[in-house]
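Chemist:
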Amino acid sequence: MKATLTFCSVIFPGPQAETDNLLLAESIRAFGGAFSDAPVWFFQPDYGKPLTDAGQKRLADLDVRMVPFAAEIEKLRFVFMGQLAGLAQAEARLAGETDILAWLDANTLLVNEPKEFILPEGKALGYRPVHHLLLGSRFDQPLDPFWAQVYQSCQVPPERVFPMQPVVEDLQMRPYFNAGILVARPERHLFRDWYETFLSLYQDPVFKAFYAQDQRYVIFLHQAVLSGVVLRSFEQADLLELPDTYNYPVHLFEQDT
6 MKATLTFCSV IFPGPQAETD NLLLAESIRA FGGAFSDAPV WFFQPDYGKP LTDAGQKRLA
66 DLDVRMVPFA AEIEKLRFVF MGQLAGLAQA EARLAGETDI LAWLDANTLL VNEPKEFILP
126 EGKALGYRPV HHLLLGSRFD QPLDPFWAQV YQSCQVPPER VFPMQPVVED LQMRPYFNAG
186 ILVARPERHL FRDWYETFLS LYQDPVFKAF YAQDQRYVIF LHQAVLSGVV LRSFEQADLL
246 ELPDTYNYPV HLFEQDT
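So for the sequence shown, our numbering puts the first residue at 6; every next one is plus one.
(1) Between the region 18 to 34 and the region 56 to 69, do at least 3 Cβ pairs fall closer than 8 Å?
(2) What is the DSSP secondary structure of D104, counted as helix, strand or coil?
(3) With the cut-off set at 9 Å, would you say F215 and L115 are in Cβ contact?
(4) Note down the Cα distance separating M169 from L140, rounded to an integer number of angstroms.
(5) May I have a chain-ordered list of the beta strand (DSSP E) segments no shorter than 3 residues that lie completely inside the region 36 to 67?
(6) Per DSSP, what are the beta-bridge partners of S142 in this structure?
(7) Work out the CA separation of F167 and R143 for me, nearest whole Å.
(8) Helix, strand or coil for N252 per DSSP?
(9) Ordered along the chain, which non-local residues of its own chain (more than five positions away) have a Cβ less than 7 Å from that of V211?
(10) Could you tell me which of P44, I16, V69, N26 sits nearest to Y52, measuring between CA atoms?
(11) What do you get for S205, buried or exposed, if any count of 16 or more other CB atoms within 10 angstroms of its CB means buried?
(12) Which residue marks the beginning of the alpha helix (DSSP H) containing T202, and which one marks its end?
(13) Please classify L99: is it buried, with 16 or more other beta-carbons within 10 angstroms of its beta-carbon, or exposed?
(14) What first and last residue would you give for the beta strand (DSSP E) that runs through G91?
(15) Say whether the region 122 to 134 touches the region 218 to 228, bearing in mind that this needs 3 or more beta-carbon pairs closer than 8 Å, one atom from each stretch.
(16) Starting from the C-beta of A97, find all residues in its chain whose C-beta is less than 7 Å away, skip the five residues before and the five after it, and write them out in chain order.
(17) Taking only the alpha-carbon atoms, compute the straight-line gap between E118 and H136 and give it to the nearest angstrom.
(18) Who pairs with T11 in a beta bridge, going by DSSP?
(19) Can you round the beta-carbon distance between L10 and A107 to whole angstroms, since I take them to be within the 8 Å contact cut?
(20) Can you tell me which of the three DSSP states A242 falls into?
(21) Could you tell me which whole beta strand (DSSP E) segments of length 3 or greater appear in the region 121 to 172?
(22) Could you tell me the alpha carbon to alpha carbon distance between W46 and A39, rounded to whole angstroms?
(23) For the beta strand (DSSP E) holding F74, just list the boundary residues, first then last.
(24) State the CB to CB distance for the pair F74 and Y207, rounded to an integer number of angstroms; the pair is presumed to be in contact (CB under 8 Å).
(25) Is it buried or exposed for I78, if we count other Cβ within 10 angstroms and need 16 for buried?
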């Protein structure tokens, strides 16, 4: 039977990752409300040490489905490559199995029923903006060389660019989507397109030149490419900005006015 909503995340070898994913799964079951019994799939790269026996048992008790995925270790050394690879395979596996796929980074906790995850008819993606502008592009300024290259490489139609406000700053930026929480319809292929586009760009000499200027380009390229792929794939009417209680940055509480 096709599920309405399926939660998914990526779990990596190591005690911190195991703890994060256990807490995420526990929170879904405890605070998910109407979705507390929804399917939960954790995708695990097929390398490194397996989960501890206790971790495996607890995830099994929580009815979490563990799915191994093929991973090239050399590629996974690049920041966030593992999350993108797992998410692409999650979307491929869940297409036809669920109406909506809710991707949550492992350091996320549910504290209330996420009813806005049920996307309205006509909406293809639920998102939150990034917390800070950082390397983002201000809407009232020309594109800088980095974002000009992202838009060119991702073939972004200029008419699809719209203003967006980061979570803890009072300014307008071009669309810059937070990669830690994304709610999508698997049949729209967003996550697979994101991964394939990222693979085609991350070693491009043009982007390597930006890495040499500032290491933050290495860290946030995946998020910039996500923004480019979303704008290429969808019109603004296809998108739903989730309420500010979603993906709330607890570590930025003092900055949130």
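Where a beta carbon is used, it is the ideal one built from N, C-alpha and C, also for glycine. This structure is a prediction, so every number in the text was calculated from the model and none was measured.
Modeler: Well, looking at it:
(1) yes
(2) strand
(3) no
(4) The C-alpha of M169 lies about 14 Å from the C-alpha of L140.
(5) Taking only runs of at least 3 residues, the beta strand (DSSP E) segments lying wholly in the region 36 to 67 are 45 to 50.
(6) According to DSSP, S142 bridges with nothing at all.
(7) 11 Å
(8) Residue state, collapsed to three classes: coil.
(9) Closer than 7 Å at Cβ, skipping near neighbours: Q154.
(10) I16
(11) exposed
(12) Annotation for T202: the continuous alpha helix (DSSP H) segment containing it runs 195 to 206.
(13) buried
(14) Premise fails: G91 lies in the alpha helix (DSSP H), 86 to 99, not in any beta strand (DSSP E).
(15) no
(16) R197
(17) 22 Å
(18) L106
(19) 6 Å
(20) A242 falls in the helix class under three-state DSSP.
(21) 130 to 134
(22) 18 Å
(23) According to the DSSP assignment, F74 belongs to the beta strand (DSSP E) that extends over 69 to 74.
(24) In fact, because the Cβ distance is near 19 Å, the residues do not count as touching under 8 Å.
(25) exposed
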